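Chains as they are written, first to last, in the UniProt record's numbering: chain A, 1 to 178; chain B, 1 to 162. Don't be surprised by glycine CBs; every beta carbon is placed ideally from N, CA and C. The structure presented is a predicted model; accordingly, all values stated were derived computationally and were not measured. Below: the structure, in structure tokens.
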Amino acid sequence: MTDELLVVRAQLGDRAALAELVARWRVPVWTYVRRMLDAERADDVSQEIWLAVIRGLPRLREPARFAPWLFTIARRSVTDRLRGQYAREHEHAHESLAAGDVTVDDPVDAAVDRAELVSLLSGLPMPEREILVLFYLQDLSVEDCAQICEIPAGTVKSRLNRARRLLRSHLEEKGYRP
Amino acid sequence: MTEEPRLSAREMIERLEPALSRARRVRAVTSLLSGLSGTAFLTALWGGEPGPLPGRTQVMFALLTVVCLAWAGYGGWLLMCRVPLFATDRVVAAWIALAASLATTAALAALAVQRGTGLGPVLAVGGLFVPATLVLAVLAHARRRALLRRARELTRPPMSGN
């Protein structure tokens, strides 16, 4: 059964179709969130995302474009979490500086993943990491990535190029040679 | 290392259950409709009083109207932000709304006739609510029909080429 049919049935009120939709997209959504946040928050944020999806599903006008819509919601939730975290860390950094403590953690470093699987991705800045996850791990098109990230398609391509360059240099630093 | 979400699909659905519960949807629709009907009823009653009312009675009318408006606001907020109404739910909700509008208008008309006040304000209120709910019902049916048609198209096996 296609995603579009599942979405249409779910919009009609078919609970089984809704459950199937959650089962099908649960791992991709969680994987996206996990690449952007730590494991502890990934579950909470995934649940928030699904709650927003269920609330917004009756208003989705293009069921065929479920995936970009889903990741737009996911991105918004992740961004909200990161924004809150940066604000807290920024505040903490100011307090530490005021107290004479100069060993302030980089907020981006604090946000990145430590797991081996994502060690390479976690070395990339957020905008490039996000585009890589959406384009390569979720198999979304450049146009869909552009819609999700609310940027022009040209910017998606330039971020992808920059992300590939950064990944290559990180791999070379670790001793990998093409 | 392969990581996986801690929650299984079933656990995730269970956690989403409160947002999908029928009781919550019924509560939302009931709050909105009873709040609106109550407001219309009280306003008609208040406005149709033949003589000047004592201050205390005026305050009571105002308070009750505010309570009804608060219920209507709560129901509206639930429906807009908290409880998803799927296409079939919307059809049911629209018919309930239409029935509630007709019942409120009939009750107000009966009250106006009994008290000998004019039917004008009652018909004005009914003329506002009944067509509005009728439009909602027509739109809900159209949306459901469109979704059913799309589901049939997607279920139909593709036509083989020539």
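Contact set between residue i and chain B, taken where Cβ atoms lie within less than 7 Å
i: P67/A; result: Reading the sequence as shown, one finds Ala at residue 67/A and not Pro. Within 7 Å Cβ-Cβ: nothing; A67/A doesn't reach chain B, min ~16 Å.
i: S77/A; result: Per Cβ cutoff of 7 Å: no residues; S77/A is ~15 Å from chain B at best.
i: G123/A; result: Chain B residues near G123/A: none, gap ~17 Å exceeds 7 Å.
i: T72/A; result: None at all; the shortest Cβ gap to chain B is about 17 Å.
i: E143/A; result: Ordered by position in chain B, no residue passes the 7 Å Cβ test against E143/A, which lies about 22 Å from the chain.
i: D3/A; result: Those within 7 Å of D3/A in chain B number zero; the least Cβ separation is about 10 Å.
Alpha-carbon spacing of residue i relative to residue j, whole angstroms
i: Y32/A; j: E4/A; result: 21 Å
i: A124/B; j: A28/B; result: 26 Å
i: T30/B; j: L51/A; result: 23 Å
i: P152/A; j: V53/A; result: 24 Å
i: L64/B; j: T57/B; result: 11 Å
i: E150/A; j: G55/B; result: 57 Å
i: H141/B; j: A93/B; result: 11 Å
i: P5/B; j: L18/A; result: 19 Å
i: A44/B; j: C68/B; result: 13 Å
i: V156/A; j: D38/A; result: 25 Å
i: Y136/A; j: R59/A; result: 29 Å
i: L111/B; j: G118/B; result: 10 Å
i: G161/B; j: E153/B; result: The pLDDT assigned to G161/B is 49, lower than 50, so where the model puts this residue is not dependable; a value taken from the coordinates is nonetheless given after this. Taking the straight line from one Cα to the other gives about 17 Å.
i: G48/B; j: S101/B; result: 19 Å
i: T2/A; j: L42/B; result: 51 Å
Sequence-distant residues of the same chain with beta carbon closer than 8 Å to residue i, five excluded per side
i: R149/B; result: none
i: P68/A; result: L140, D144, Q147, I148
i: W95/B; result: A137
i: Q114/B; result: none
i: D14/A; result: none
i: L120/A; result: L167, H170, L171
Closest residue to residue i among the options (Cα-Cα distance)
i: A99/B; options: A19/B, L33/B, A146/B; result: L33/B
i: L6/A; options: R65/A, L124/A, R165/A, D43/A; result: R65/A
i: R165/A; options: W25/A, G123/A, T72/A; result: G123/A
i: R34/A; options: L160/A, R55/A, L70/A, E130/A; result: E130/A
i: A40/B; options: E14/B, G127/B, P52/B; result: G127/B
i: R83/A; options: M36/A, A16/A, W30/A; result: M36/A
Cβ pair residue i, residue j closer than 7 Å
i: F86/B; j: Q138/A; result: no
i: V22/A; j: M12/B; result: yes
i: A151/B; j: V8/A; result: yes
i: S77/A; j: E48/A; result: yes
i: E128/A; j: R162/A; result: yes
i: T104/B; j: S37/B; result: yes
i: R55/A; j: P84/B; result: yes
i: W25/A; j: S46/A; result: no
i: L134/B; j: D43/A; result: no
7 Å Cβ cut-off: residues of chain A touching residue i
i: P84/B; result: I54, R55, L57, P58
i: R27/B; result: Going along chain A, no residue has its Cβ under 7 Å from R27/B, so there is no contact; the nearest lies around 16 Å.
i: L63/B; result: Correct list: empty, because the minimum Cβ distance to chain A is about 33 Å.
i: R150/B; result: V8
Contact list for residue i against chain A, beta-carbon separation under 8 Å
i: residue 164/B; result: With chain B running from 1 to 162 in the structure shown, residue 164/B is simply not present.
i: L128/B; result: Those within 8 Å of L128/B in chain A number zero; the least Cβ separation is about 25 Å.
Spatial neighbours of residue i in its chain, beta-carbon cut-off 6 Å, leaving aside the 5 residues before and after
i: L78/B; result: A28
i: L108/B; result: A44, V122
i: T72/A; result: I148
Contacts that residue i makes with chain B (C-beta to C-beta distance below 9 Å)
i: Q138/A; result: Those within 9 Å of Q138/A in chain B number zero; the least Cβ separation is about 15 Å.
i: Q147/A; result: Under the 9 Å cutoff, chain B gives no residues; its nearest Cβ is about 22 Å from Q147/A.
Where residue i meets chain B, residues with beta-carbon distance less than 8 Å
i: V133/A; result: Residues of chain B passing the Cβ test: none, with the nearest at roughly 14 Å.
Interface partners of residue i on chain E, CB under 9 Å
i: Q47/A; result: Absent from the structure is chain E; the protein chains it does hold are A and B.
Residues of its chain near residue i, where Cβ-Cβ distance is below 7 Å and the 5 sequence neighbours each way are ignored
i: E172/A; result: none
Neighbour list for residue i in chain A, Cβ cutoff strictly below 9 Å
i: L20/B; result: R15, L18, I54
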